[in-house]
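Under the numbering used here, residues 1 to 175 are what the sequence shown spells out, in order.
One structure is given here, and the rest of the page talks about it.
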Amino acid sequence: MGTRFFYDTEFIERREADHLWLDLVSIGIVSEDGAQRYYAVSTEFDPAFAVPWVRRNVLDQLPPPADPAWRSRARIREEITALLTADGTPELWAWYGAYDHVVLCQLFGTMTELPGQLPRFTRDLRQLWEDVGRPALPPPPANAHDALADAVHNLARWEVLAPLRARLAAPPARR
Numbered sequence: 001m002g003t004r005f006f007y008d009t010e011f012i013e014r015r016e017a018d019h020l021w022l023d024l025v026s027i028g029i030v031s032e033d034g035a036q037r038y039y040a041v042s043t044e045f046d047p048a049f050a051v052p053w054v055r056r057n058v059l060d061q062l063p064p065p066a067d068p069a070w071r072s073r074a075r076i077r078e079e080i081t082a083l084l085t086a087d088g089t090p091e092l093w094a095w096y097g098a099y100d101h102v103v104l105c106q107l108f109g110t111m112t113e114l115p116g117q118l119p120r121f122t123r124d125l126r127q128l129w130e131d132v133g134r135p136a137l138p139p140p141p142a143n144a145h146d147a148l149a150d151a152v153h154n155l156a157r158w159e160v161l162a163p164l165r166a167r168l169a170a171p172p173a174r175r
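What follows is the structure, given as structure tokens:
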């Protein structure tokens, strides 16, 4: 197995001709050891579809368009694939990961176009939090809804949840 990564996406929900899809705004990724970090803003999302909440909480804190974080979807695809698969098949974690996984898959087109070395699911920190009894977690960062800040926050959540998860998986003590 490859590296464990924590990620977050920010996106715009778009409805066109009775079709709903998630338009990537930004993605942040951090490795479990914190050494590898990735942040990109798509040059291809359409801000005209953003609801006021997304404008206020996501778009207003993006870096200026001249910032090198702004990249095409094709470049983001290439960079993410290289990062995530450098050490084999990665393990992906997110908070409410279902939406994040759909956004990730849509970068590649359909689910079947997702590169074979990328997992077909994202593990969910929110569900793990429920499973281990809802322990206190680190508070959200001041810049919540910045995809990289949220990915780093997901790593901080993991650091609380991982030891509790290990206890769930441990066999019961013999008497």
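The beta-carbon is built from N, C-alpha and C at its ideal position, and this holds for glycine as well.
Quick one: give me the first and last residue of the beta strand (DSSP E) that residue i is part of.
| i | result |
| --- | --- |
| Ala94 | 91-94 |
With a 10 Å radius around its C-beta and 16 neighbouring C-beta atoms as the bar for buried, classify residue i as buried or exposed.
| i | result |
| --- | --- |
| Asn143 | exposed |
| Arg157 | buried |
| Ser72 | exposed |
| Pro90 | buried |
| Ala149 | buried |
| Glu10 | buried |
| Val103 | buried |
| Val51 | exposed |
| His19 | exposed |
| Asp67 | exposed |
| Thr43 | exposed |
| Gly28 | buried |
| Asp146 | buried |
Since residue i and residue j should fall inside the 8 angstroms C-beta cutoff, what is the C-beta to C-beta distance between them, to a whole number of angstroms?
| i | j | result |
| --- | --- | --- |
| Ala94 | Asp8 | 6 angstroms |
| His153 | Pro135 | Not confirmed; about 15 angstroms, so no contact. |
| Val30 | Ala151 | 5 angstroms |
| Leu83 | Gln36 | 6 angstroms |
| Asp23 | Asp46 | 7 angstroms |
| Phe6 | Leu155 | 5 angstroms |
| Leu92 | Leu128 | No, Leu92 and Leu128 are not in contact; Cβ-Cβ is about 13 angstroms, not under 8 angstroms. |
| Thr3 | Asp87 | 5 angstroms |
Where does residue i fall in DSSP's three states?
| i | result |
| --- | --- |
| Phe5 | strand |
| Arg126 | helix |
| Asp131 | helix |
| Asp23 | strand |
| Arg120 | coil |
For the alpha helix (DSSP H) that residue i lies in, which residues bound it at each end?
| i | result |
| --- | --- |
| Val152 | 147-169 |
| Arg174 | It is not in any alpha helix (DSSP H) - Arg174 carries neither H nor E in the DSSP assignment. |
Any heavy atom of the ligand ZN inside 6 angstroms of the beta-carbon of residue i?
| i | result |
| --- | --- |
| Ala142 | For the ligand ZN, the structure offers nothing, since it holds no ligand at all. |
Could you tell me which uninterrupted beta strand (DSSP E) segments, each at least 3 residues in length, are contained entirely in the stretch 32-115, listed from first to last along the chain?
37-42, 91-94
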